[in-house]
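Chains as they are written, first to last, in the working numbering: chain A, 9 to 288; chain B, 9 to 288. One structure is given below, encoded as C-alpha cells.
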C-alpha cells in the first residue's frame, strides 16, 4: 500500500499544467474559461464503454423527488450542456480512464477499496446520489438522498454525511473544472436537518480560479428551495505539475519524493511516499 | 418516521436549561465550569449495565498505534479523570439512557438505523474510533483509524470521512460539556492526507460557552504529533428548553410545533415535526 499511495497521487497529478496567472471567472459569463481542457477532462472521466458498475443510476430506493429531478436533468444532458457523471465504487476506477504521466502503468489492485460515499452497498441504506456537471458554466448539481445508515439525530441525516457529500461534490467539480486535486478547506454552516429518505439538492458553483487554487460555494436545499439545509464554501489546490517532481532518490525508491506546486505568489512543497502525502 | 423525528428531537432536548449568562471557560482553569451537571450527563450517557454492543472497543483490525494509545488512555480513566465513551450503533440507543422530558416514553423502533460513523459493520472496513472525554477539562480525544471503505484518493482517507469524524466528536463533546444539540458550523483546514489503516488522533477542546452556543476546536494529527492532518473549529447550539415548547396545536398533532432557544441576545425559533427540524 505504501507505494500504491504515492503512485496514485502521481497518477492524479497527470499531464496538464494550468497557467500560472490567476483566472477569475466572470460572474455573468463563465462559459469561456478553460472550455477545451475541461471538455477533455470530462471526456476522459466519463468513459463511454466500461464494465464498471455506475452507482449513480436510479434504483427502487429513490424517492419521487429524486427520480423526477434526475429525469429532468437527464433531459438537460441532451439539450442544455449538462453531463451526468458516472460514479464507480472507487476513485481507483475513475483514475483508470485518465492518461498517466511519466509512462507509469496503472497498478492492478485486488484489494477491496471503496470511495467513502459509496461505502454501503445495499440500495437506499446509505448514500444515494448523482452528480450532474455543466462544463461551460462550471457548476454542478448533486441530488443526494441519505439513507437510515447515515443517521445523526434520530430520523435525520448526520451533519457529517452532508459534509462528506459536499466535499465529494466539490472534489469532482474541482477536478473537472480545473484539475483540482486536494481539498484545502471546507466551511459549512448548517441551517436545517435533512430528513432521512428525502432529497437534498446541492448546487455547487466554481466562484474563481486564482493563484493555483479553485474556490467553490455550495447551497444544499429542498427541491422547492423553501428549506435551506446548509451552505458551504470550499477551496481546492490545483493540479500537481509532473515536471515539478524532483529526480528519484539514489536508491531508486519512490518514497520521500517532493512535489512542488508553483503559483504566482508561492511554492508549496508536498512530500509523498511512505504511505503519506504531507505538505512541507 | 415523521413523528419519530420530532420525538427524538424533543427527547434530546431534555430537562436541564443552561444559565442564560455567557460562560467563557478560562483558558487555564476550566475545571470548575458546569462540573456537576456534566458529571450527571456523563453518568446518564455512559450506562453501566447494558446489553448494547459497544463498538468503541479494540478489535483485530486496530493498528499498534491505536491499541497502544487506547491502553494509555484507559489507564488514565483510572487515575486522571478521563472517561471512555461507549459507542452504540445508533444515537437512538444512546438516548435510551437519558431522562426524557414531558413524560414522553421512548418509542421503540424496529427499523435498522445506524449512526453514520458506525454504518459499516465489518471490523476495520470503515470507521474504527473511540472517544475519551475529560469532564472537568472539557476536552476529548478521539482515536480514529479509517478503513479501506473510507477512501478518497487511493490509499488515503476521504476528506469527508475526517470531516464526519470531527463533527461526531464535536457533537458528543458538546452534548456532554454543555448539552450541545445541533452543529451550527464546521470549518476545516486540511493539511495532510491520512493513510488508510493508520491512526489519527483528534484533540478537541471546548473553547468557550457563550450566548447559548458552544465553541470548539480540533486538531487531528499523527500520534507523534509530527504530522498535522487537519485543524477545525465547530459551533453547536445548546439545549432546547422543554418549557419553551409551545402548546400542542388544536389538532393535537405533533407536527409543526415551535421550539424556542433563548439566549441573552436573541431567540431562535425551530419548527419541528413533519419529519423536519428547521430554523425559522
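Cβ atoms here follow ideal geometry from the backbone N, Cα and C, with glycine treated the same way. Keep in mind it's a predicted model, so treat the numbers as computed, not measured.
Item	Value
Under 8 Å by beta carbon: chain A residues contacting residue 124 of chain B	157, 158, 159, 160, 165, 166, 168, 169
Alpha helix (DSSP H) segment containing residue 81 of chain A, residue limits	72-87
DSSP-derived helix/strand/coil call for residue 68 of chain A	coil
Reference residue 215 of chain B, options B/228, B/209, B/185, B/238, closest by Cα	B/185
Pairwise C-alpha distance: residue 180 of chain A and residue 4 of chain A	Nothing in the structure corresponds to residue 4 of chain A, since chain A is present only between 9 and 288.
For residue 238 of chain A, the first and last residue of its enclosing beta strand (DSSP E)	236-245
Coil, strand or helix - residue 138 of chain B by DSSP	strand
Opening and closing residue of the alpha helix (DSSP H) in which residue 175 of chain A lies	167-186
Bridge partner(s) assigned by DSSP for residue 194 of chain B	A/196, B/242
Backbone CA spacing between residue 94 of chain B and residue 63 of chain B [nearest angstrom]	7 Å
Beta-carbon proximity of residue 189 of chain A to residue 240 of chain A, cut-off 8 Å	no
Three or more C-beta pairs below 8 Å linking the region 199-207 of chain A and the region 213-232 of chain B	no
N- and C-terminal bounds of the beta strand (DSSP E) containing residue 206 of chain A	Neither: residue 206 of chain A is in no beta strand (DSSP E) and is coded neither H nor E.
Stretch-stretch touch, CB-based, cutoff 8 Å, three pairs: the region 136-145 of chain B with the region 161-180 of chain A	no
Range covered by the beta strand (DSSP E) that runs through residue 227 of chain B	221-229
Boundaries of the beta strand (DSSP E) in which residue 147 of chain A is found, first to last residue	147-154
Cβ of residue 289 of chain A within 8 Å of any chain B Cβ	With chain A covering only 9 through 288, there is no way to say anything about residue 289 of chain A.
Cross-chain neighbours of residue 176 of chain A in chain B, by beta carbon under 9 Å	160, 166, 167, 168
Status (buried if at least 16 other CB within 10 Å, exposed otherwise) for residue 68 of chain B	exposed
Residue 58 of chain A, buried or exposed, once every other Cβ within 10 Å from all chains shown has been counted against 16	exposed
Contact check, residue 161 of chain B vs residue 154 of chain B, beta carbons under 8 Å	no
Residues of its chain near residue 70 of chain A, where Cβ-Cβ distance is below 7 Å and the 5 sequence neighbours each way are ignored	136, 153
DSSP three-state assignment for residue 53 of chain A, whether helix, strand or coil	helix
Cβ of residue 197 of chain B within 8 Å of any chain C Cβ	In the structure shown, chain C cannot be found, because the protein chains are A and B.
Residues in the region 127-138 of chain B having any Cβ partner in chain A nearer than 9 Å	127, 128, 133, 134
Paired residues, beta bridge with residue 216 of chain A - DSSP	A/223
Nearest-angstrom Cα separation, counted from residue 229 of chain A out to residue 74 of chain A	13 Å
Proximal residues to residue 200 of chain A (C-beta, below 7 Å), its chain only, five neighbours per side dropped	235, 236, 237
Interface positions of the region 63-76 of chain B facing chain A (Cβ-Cβ less than 8 Å), listed along the chain	none
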